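Visitor:
Chains as they are written, first to last, in my numbering: chain L, 146 to 465; chain R, 146 to 465.
Here you go:
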């Protein structure tokens, strides 16, 4: 569930009095999402999302995220736009926690991913990368390659509880990724967490990209690699090359991939799989049994990683 | 959280094709509620709630609940109205589970309860009781006095894990309630679960009563007793006599309490506290540690029960 902070109606009314969003009609806690608390606000002006930032988001990063969303939506990206309070600020506080009101986006995220979704996603991802190029903010990726080793060390002693031999296998794999990591790929602002539940579709096109709370500066192709992992594997673990081809082809129609990026793709996919494997492994081993949010299976990403490890060239992703 | 069934967008579109509710704009999982899965549907016709009935609701009871909501809303009670599918039926199926679409109600449920809420609630509860009087359906209360003993027995062996001496204290208390239970009070359809999160308010009046999935035939005063327990205690455990007076006075303005009902109120309040104590105790002892829904503290209702046990007359509830 995604309502960690239960706000009183009087707190909410006091909070909304500092906004020009109209009178409150309904407030509904949103089940989706795991990092922050989200409420749908229906007012006589329209629909808004109230996000209350919980402890996993650093307060000092919030201006970057909010400014980025404003920048991107001004550039035509369908993403939530922060609504400024009457004092002009987009970052406010409710119940002692940082909070923001953003615009509501129509559309439905795909519970099952089809080829058509991957194609639409590819174009939207390229547009996102292009629209962010002149964004002046900067935020280092705190889940980049440099973070992998310390994250792994925090789980290493108990990794074999999840699968015998996992600690050694991850150690080896990390060595390869660290050694071959390319430093000179085209970079800019990336979303870094573009899973299907963060992309809304309407009539076959992307009507909204949400949840920019992992956005950061890193190489564009790494964002593509995250999407290949998140969108192109079937529930049974098989890689769907048609989905990958459509995603990549649509991306490359809007923003061309350099030869360097293409050559780095298999390694970036391994690294992207490693990133989610390591955070899931950490959560798996460190989440108390009575936690509200169930940790996700880290081994799903171990299987994805193995697929990419065996890839010998971009042909495996449907490209010539 | 309250989304146990994740529906695919194609399932949802197929489901909605059998309704005349317009094209789907958004679907949002609702965090509130624990028994069923609820989604807010925004279509180009308006807003609806899709409820998917999970295993705690018996399928054979669903026509009673749906017919009751239709009856009550026709009588002017602000409650969800089932929307019939094109085939005229209100009970449908999605993802292999029974499901219904009902109208959306505006308003906000009170996270903090004020005296004014209790006053508005009292009137709405009386209206609900009056509106249900000519409802032809009948459903026995499966959490009535007869259920207490078997429910207690299922928890008795481990009750003292929650509080030393609890098993014996509950045994004694159950004996008193069983012995003194009044059989001849005015009865009809009651809501039986009218907690603050089931009542929406707008501009100080009750704009909606939801969640009729415990509704049944039982004595009206028992429903009042459930509300006194759920609405009139402060977070620190103190009973707020002003809230009780306002709730009861507003109720009695619409539907007068007989002398018998008044005299039975302290015992009914003990029984109502016992009902929630026993179900919470059962859930507390039988919920796996990794469950999505955290069980609620049974001792909250033990403390309420003790208050009512010491009551000597209706004066304790603010009545002369």
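Glycine included, C-beta positions come from ideal geometry on N, C-alpha and C.
Since this is a predicted model, take the numbers as computed values, not measurements.
1. Hey, is the segment 356 to 364 of chain L in contact with the segment 283 to 301 of chain L, meaning 3+ C-beta pairs nearer than 8 Å?
2. Taking 9 Å as the threshold (beta carbon to beta carbon), is residue 251 of chain R in contact with chain L?
3. Going along the chain, which unbroken runs of the alpha helix (DSSP H) with 4 or more residues stay wholly within the segment 414 to 461 of chain R?
4. Could you give the uninterrupted runs of the beta strand (DSSP E) lying entirely in the segment 258 to 283 of chain R, keeping only those of 3 residues or more?
5. Give the straight-line distance between the Cα atoms of residue 231 of chain R and residue 163 of chain R, rounded to the nearest whole angstrom.
6. Quick one: is residue 503 of chain L buried, meaning 16 or more other Cβ sit within 10 Å of its Cβ, or exposed?
7. Does residue 362 of chain R come out as helix, strand or coil in the three-state DSSP assignment?
8. Figure out for me which residue from R:321, R:339, R:316, R:295 has the closest Cα to the Cα of residue 271 of chain R.
9. Which same chain residues, not among the five before or five after residue 364 of chain R, have their C-beta less than 7 Å away from its C-beta?
10. Should residue 416 of chain L be labelled buried (16 or more other beta-carbon atoms within 10 Å of its own) or exposed?
11. Cβ closer than 7 Å: which chain R residues qualify as neighbours of residue 255 of chain L?
12. Do you know how far the Cα of residue 290 of chain L is from the Cα of residue 320 of chain L?
13. Of all Cβ atoms in chain R, is any one closer than 9 Å to the Cβ of residue 384 of chain L?
14. Have a look at the DSSP bridge pairing and note the partners of residue 351 of chain R.
15. Are the C-beta of residue 169 of chain L and some C-beta of chain R separated by less than 9 Å?
16. With a threshold of 7 Å on Cβ separation, who are the neighbours of residue 168 of chain R within its own chain once the five nearest residues in sequence on each side are excluded?
17. Quick check: the Cα distance between residue 182 of chain R and residue 280 of chain L, rounded to an integer number of angstroms?
18. Suppose contacts are defined by Cβ-Cβ distances below 9 Å. Is residue 261 of chain L in contact with residue 352 of chain L by that definition?
19. Is residue 354 of chain L closer than 9 Å to residue 224 of chain L when the C-beta atoms are compared?
20. Roughly how far, in whole angstroms, is the beta-carbon of residue 267 of chain L from the beta-carbon of residue 396 of chain L, given that I think they are within contact range, below 8 Å?
21. Helix, strand or coil for residue 169 of chain R per DSSP?
22. From the DSSP output, read off the bridge partner residues of residue 179 of chain R.
23. Among the candidates L:455, L:429, L:335, L:406, whose CA atom is the shortest distance from the CA of residue 384 of chain L?
24. For the ligand NAD, any of its heavy atoms closer than 8 Å to the Cβ of residue 211 of chain R?
25. Taking only beta-carbon positions, decide if residue 430 of chain R is within less than 9 Å of chain L.
26. How far does the alpha helix (DSSP H) with residue 247 of chain R in it reach, from first residue to last?
27. Go through its chain and collect everything with a Cβ distance to residue 449 of chain R's Cβ below 7 Å, but skip five positions before and after it.
Guide: In short:
1. With the cut-off at 8 Å, the segment 356 to 364 of chain L and the segment 283 to 301 of chain L touch.
2. By this cut-off, residue 251 of chain R is an interface position.
3. Fully contained in the segment 414 to 461 of chain R are the following alpha helix (DSSP H) runs of length 4 or more, in chain order: 444 to 454.
4. Runs of the beta strand (DSSP E) inside the segment 258 to 283 of chain R: none found.
5. Residue 231 of chain R and residue 163 of chain R: Cα-Cα distance of roughly 6 Å.
6. Since the first and last residues shown for chain L are 146 and 465, residue 503 of chain L lies out of range.
7. Strand.
8. Nearest C-alpha to residue 271 of chain R among R:321, R:339, R:316, R:295: R:339.
9. Within its own chain, the residues whose Cβ lies closer than 7 Å to the Cβ of residue 364 of chain R, once the five positions on either side in sequence are excluded, are 330, 331, 332, listed in chain order.
10. It counts as buried.
11. Those within 7 Å of residue 255 of chain L in chain R are 154.
12. Distance between the alpha carbons of residue 320 of chain L and residue 290 of chain L: 11 Å.
13. Residue 384 of chain L does not count as touching chain R.
14. According to DSSP, which records beta bridges pairwise, residue 351 of chain R is partnered with R:346.
15. It does: the Cβ of residue 169 of chain L has a partner Cβ on chain R nearer than 9 Å.
16. So the list reads 188, 189, once near-sequence residues are dropped.
17. Per the coordinates, the alpha-carbon of residue 182 of chain R lies some 41 Å from the alpha-carbon of residue 280 of chain L.
18. It is not a contact, given that the beta carbons lie outside the stated cut-off.
19. The answer is yes: Cβ separation under 9 Å.
20. In this structure, residue 267 of chain L and residue 396 of chain L form a Cβ contact; the two beta carbons are roughly 4 Å apart against a cut-off of 8 Å.
21. In this structure, residue 169 of chain R counts as strand in the three-state DSSP scheme.
22. None, per the DSSP bridge assignment.
23. The candidate whose alpha carbon is nearest that of residue 384 of chain L is L:455.
24. The model on display carries no ligand, and the ligand NAD is accordingly not part of it.
25. No, its Cβ sits nowhere closer than 9 Å to a Cβ of chain L.
26. Note, residue 247 of chain R: premise wrong, no alpha helix (DSSP H); beta strand (DSSP E) at 242 to 248.
27. Its chain contains 374, 378, 418 as the residues whose beta carbon lies nearer than 7 Å to that of residue 449 of chain R, once the 5 sequence neighbours on both sides are disregarded; these appear in chain order.
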